[in-house]
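Chemist: Numbering-wise (full-length UniProt numbering), the sequence shown opens with residue 1 and increments by one. My questions all concern the structure below.
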Amino acid sequence: MSAEHGPGGAAKATFTAPPGVVVGAAVVREGALLVQQRAFPAEVAGLWELPGGGVEAGEPDTEAVRRECREELGVDVVVGERVGPDVPLPHGRVLRVFAATMPDADARPRAVEHRALRWVSGHELAELDWLPADRALVPALTALVTASAVPPPGGPDGAGLP
């Protein structure tokens, strides 16, 4: 906070806005993560990223995640815990990712603003051609997806099956 002098010399408080926050949604379903492929601008077209976007003034991060999923995917999500650290972006902004689930089991996300959508397993994440900021989160995303995977009947190796 700093002071500026307004009309008549009276001091008024001013606040320096914190760096802008861009939120991402790590939408997980049945052991897979939803990713989207950029269509534009040309320098990033074809690269993969998480759904998300900028937080509007006064908007809580979690509400921004819900809004962006409605806008970009046409689905409602329940926002969970943070995933990984904040990732620095150009111009003093940061990428902040949250786990998310779709409460409607029949919900079908659609590529509203992107070239394509894809559900990927934990072992496929490292193979994607990610935007640099999203790539920094691949280890945390892999852990999230792996933890969410439903083990097969009888345990991971099927030994408990008859």
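Where a beta carbon is used, it is the ideal one built from N, C-alpha and C, also for glycine.
1) Just mark residue 208 as buried or exposed, buried being the case when its beta carbon has 16 or more other beta carbons within 10 Å.
2) Measuring alpha carbon to alpha carbon, tell me which residue in Val78, Glu68 and Pro132 is nearest Pro103.
3) With H, G and I counted as helix, E and B as strand and the rest as coil, what does DSSP make of Gly58?
4) Taking its Cβ as the centre, do 16 or more other Cβ atoms sit within 10 Å of Gly24, making it buried, or is it exposed?
5) Quick one: measure Cβ to Cβ for Leu141 and Leu47, integer angstroms, because I've assumed they're closer than 8 Å.
6) Pop quiz: Glu49 and Leu131 are said to be a contact at Cβ under 8 Å. What is the actual Cβ separation, rounded to whole angstroms?
7) Among Ala99, Arg135, Glu124 and Arg115, which one has its Cα closest to the Cα of Arg29?
8) Buried or exposed for His114, please, with buried defined as at least 16 other CB atoms from any protein chain shown within 10 angstroms of its CB.
9) For Gly84, which of Ala149, Ala133 and Gly20 has the nearest alpha-carbon?
10) If we call anything under 7 Å between Cβ atoms a contact, is Ala149 one with Gly31?
11) Using the three-state DSSP reduction, which class does Arg118 fall into: helix, strand or coil?
12) Taking its Cβ as the centre, do 16 or more other Cβ atoms sit within 10 Å of Glu72, making it buried, or is it exposed?
13) Ordered along the chain, which non-local residues of its own chain (more than five positions away) have a Cβ less than 7 Å from that of Pro109?
Modeler: Here's the rundown:
1) Because the chain in this structure spans residues 1 to 162, residue 208 falls outside the shown range and cannot be described.
2) Val78
3) coil
4) Flag for Gly24 reads buried.
5) 15 Å between Cβ atoms; not a contact.
6) With 8 Å as the limit, Glu49 and Leu131 qualify as a contact, their Cβ atoms being about 5 Å apart.
7) Ala99
8) buried
9) Ranked by Cα distance from Gly84, the first of Ala149, Ala133 and Gly20 is Ala133.
10) yes
11) Annotated three-state conformation of Arg118 is strand, per DSSP.
12) The residue is buried, with at least 16 neighbouring Cβ atoms inside 10 Å.
13) Leu34, Leu73, Gly74, Val75 and Leu117
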